[in-house]
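Right under this line is the structure:
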């Protein structure tokens with residue numbers, strides 16, 4: 011039987027039973043983002059850019075965070091709601107050689123984890139943050155999120171959302187990210203390329219993938235993916251448009267946290283000897 | 007010359023990597039960090055709070071010299087979380103905070119119990135509730151045991167001196183690695199800010215417990231189960247090719263959570279409980295004096311042991327009261343068997359604490375059939391003086 015080429019990076023079986031299929035609902039965008047990410051990682055490994063054992067996948071809590079719950083055949087951790095970036099920071103401090111990818115959702119990254127989000131980019135720790143933004147809390151039943159568009163009806167905004175949405179790419183960029191790009195699940199090749207580029211950057215990178223939640227939006231996945239394509243515009247043509255810009259927001263490398271700290275370690279150990 | 011004075015002598019000059027054996031004159035906060043470094047501390051994630059900030063400042067000064075890394079995080083939640091990531095990446099990690107910050111760390115503590123993550127958290131207790139006051143307290147001893155959600159067991163130690171801040175910090179790291187669990191050091195402002203003699207033995211005489219690794223047990227990556235193999239499962243670090251999956255939702259020994267199953271959750275929670283509560287005698291310690299002839303006993307912990315032992319000695323020598331002294335070095339797991347072994351039949355048990363009466367409850371529960379009565383001696387925000395304790399003893403035994 012023909013197997014999906016990325017299955018080599020998943021744990022299909024275990025001594026306590028099957029680990030697949032993914033818990034995600036049919037038509038969910040998170041599985042697509044996993045596919046993009048594994049393709050990017052695969053091509054880096056194949057090209058000798060990094061070793062498989064140096065990759066670590068860390069997530070918080072929410073639908074997208076389930077990607078690391080037990081499926082990955084990598085070092086991975088499914089952690090505390092909102093805190094994946096703080097945990098990733100600690101892991102890098104103990105071993106700066108790790109190649110850490112954080113899977114997060116819009117609620118996990120921008121609401122409960124908002125403070126860690128801005129500080130991780132300000133510090134420029136060597137981490138690639140991939141945020142699946144579906145504009146709501148999927149796992150808990152479709153409540154409003156800081157990324158929900160104005161006027162949208164959700165289970166906790168039954169009369170329409172009176173708040174404005176965060177632009178996570180601009181937030182990451184302003185906070186100091188080295189590399190920022192936004193794509194959607196309707197842009198698989200571009201998203202994969204951006205993820206690969208982000209992982210290759212030394213420093214904090216942010217990839218936002220606008221994603222569909224057909225269950226809570228009560229629309230078909232195909233319609234939603236088409237809508238994602240229609241509601242976005244390449245960043246170069248975004249001026250004057252009321253559509254959401256997609257593409258690279260910034261690519262401005264600057265010294266990474268552990269690199270800077272290394273000079274302190276060198277100074278301290280050299281003086282002693 | 008002490009490491010601390012070296013450290014502060016000249017800004018930017020790094021002190022020797024590890025403290026030198028011999029006599030030192032240090033603050034409790036400094037001794038805590040020096041002990042941690044001897045135990046192998048590699049990552050410190052902190053957030054400022056009075057009266058715990060000195061530990062963080064000393065860690066910031068000292069860690070680069072041993073090739074470790076220090077970071078000041080954006081809050082106590084993230085500070086605790088850095089320890090989790092650091093531990094998984096193979097670095098021994100600690101933080102220190104004070105009571106309000108300790109409240110913020112509770113979710114990370116519960117998570118660490120469930121994921122069996124070794125790390126050390128120091129709570130330099132101050133009085134509450136709320137911002138409360140900034141002196142000394144023992145008001146978080148019940149929060150240490152019950153503050154985190156769920157029913158995870160915890161190990162918590164109570165230092166009473168600068169020497170203890172050094173020794174018990176090393177012990178905390180050893181316990182956390184040996185039992186693959188978070189360990190709390192329930193210090194008080196009193197011991198953290200106290201400055202007194204510290205004697206450091208030859209460093210090769212200090213026992214440092216290594217992490218139990220699957221490699222050392224001959225377990226191949228494909229056979230490795232992060233929550234299996236033994237009562238204390240071996241722990242693979244990130245980057246070693248073991249493809250470890252850390253999960254805190256109900257999981258099988260291999261980390262698989264695919265099928266919700268109450269039986270697997272029960273089994274796991276019972277193992278976590280047994281790991282600590284089934285090994286109390288191996289984990290918990292008490293110290294005692296004058297128990298052989300005692301008709302009464304004073305039971306205390308932390309800094310109260312200092313005035314407590316003085317009051318007991320004076321009651322014996324000056325007033326002829328046959329009173330014994332017992333100090334809980336380990337608060338949790340509670341040393342129930344050891345207490346029942348040491349105390350057979352006494353009149354009054356005195357329990358002075360810097361709170362309104364907390365550890366008096368497990369003590370009473372353990373010894374209610376071994377005494378006539380238990381007298382709680384509370385104090386808010388300050389150490390009891392020996393005179394106060396003596397007065398209480400004399401009042402109760404009519405000396």
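Protein chains in written order, with the numbering used here: chain A, 11 to 283; chain B, 7 to 405.
C-beta: ideal position from N, C-alpha, C; glycine also.
Residue 105 of chain B is bridged by DSSP to nothing; it lacks a bridge partner. Here residue 18 of chain A is exposed, its C-beta having fewer than 16 other C-beta atoms within 10 Å. Per DSSP, the continuous alpha helix (DSSP H) segment holding residue 202 of chain A begins and ends at 198-210. If you check the CB distance, residue 171 of chain A and residue 188 of chain A do not come in under 8 Å. Within 10 angstroms of the beta-carbon of residue 148 of chain A lie 16 or more other beta-carbons, which makes it buried. In terms of Cβ geometry, residue 82 of chain B and residue 103 of chain B form a close pair [threshold 8 Å]. Shown here, residue 75 of chain B sits in a strand according to DSSP, grouped into three states.
Chain-order list of chain A residues neighbouring residue 88 of chain B: 96, 97, 99, 100, 103, by C-beta distance under 8 Å. A check of alpha carbon separations from residue 232 of chain B across A:142, A:153, A:26 identifies A:26 as the nearest. The C-beta of residue 45 of chain A comes no closer than 8 Å to any C-beta of chain B. For residue 84 of chain A, the residues of chain B that pass the 7 Å Cβ criterion are 249, in the order they occur in the chain. In the DSSP annotation of this structure, the continuous segment of the beta strand (DSSP E) that includes residue 69 of chain A starts and ends at 65-69. Where residue 149 of chain B is concerned, the enclosing alpha helix (DSSP H) starts and stops at 147-152. Annotation: Cβ neighbours of residue 48 of chain B in chain A (cutoff 7 Å, chain order): 104. Looking at the DSSP output, residue 383 of chain B shares a beta bridge with B:358.
When DSSP states are grouped into helix, strand and coil, residue 221 of chain B belongs to the coil group. The C-beta of residue 125 of chain A comes closer than 8 Å to at least one C-beta of chain B.
Within chain B, the residues whose beta carbon sits less than 7 Å from that of residue 29 of chain A are 262, 264, listed in sequence order. Residues of chain B with a Cβ closer than 7 Å to the Cβ of residue 90 of chain A are, in chain order, 87, 113, 114, 117. Ranked by how close their Cα comes to the Cα of residue 106 of chain A, the residues A:214, A:249, A:233 have A:214 in first place. Residue 138 of chain A is bridged by DSSP to A:111, A:215. It is roughly 23 Å from the alpha-carbon of residue 183 of chain A to the alpha-carbon of residue 91 of chain A. In this structure, residue 220 of chain B sits near residue 242 of chain B, with a CB-CB distance shorter than 8 Å. Within the segment 44-77 of chain A, the residues whose Cβ lies closer than 7 Å to any Cβ of chain B are, in chain order, 63, 64, 66. Here the alpha carbons of residue 178 of chain A and residue 31 of chain A stand approximately 30 Å from one another.
When the alpha-carbon of residue 320 of chain B is set against those of B:64, B:396, B:153, the nearest one is in B:396. Apart from the 5 residues on each side of it in sequence, residue 72 of chain A sits with its Cβ closer than 8 Å to the Cβ of 91, 114, 115, 117, 118, 147, 148, 149 in its chain, given in chain order. Taking a beta-carbon distance threshold of 8 Å, residue 25 of chain A counts as an interface residue toward chain B. Bridge partners of residue 211 of chain B according to DSSP: none are assigned. Secondary structure within the segment 33-92 of chain B: the alpha helix (DSSP H) runs of 4 or more consecutive residues, fully enclosed, are 34-45, 59-68 (chain order). In this structure, the straight-line span from the alpha carbon of residue 240 of chain B to that of residue 381 of chain B is close to 45 Å. Membership of residue 293 of chain B in the beta strand (DSSP E) is indicated by the continuous run 292-295. The C-beta separation of residue 244 of chain B from residue 108 of chain A comes to about 6 Å, placing the pair in contact by the 8 Å criterion.
With contacts defined as CB atoms closer than 8 Å, residue 127 of chain B and residue 86 of chain B qualify as a contacting pair. Annotation: Cβ neighbours of residue 271 of chain A in chain B (cutoff 7 Å, chain order): 75. By the C-beta density criterion, residue 257 of chain B is buried, having at least 16 other C-beta atoms within 10 angstroms.
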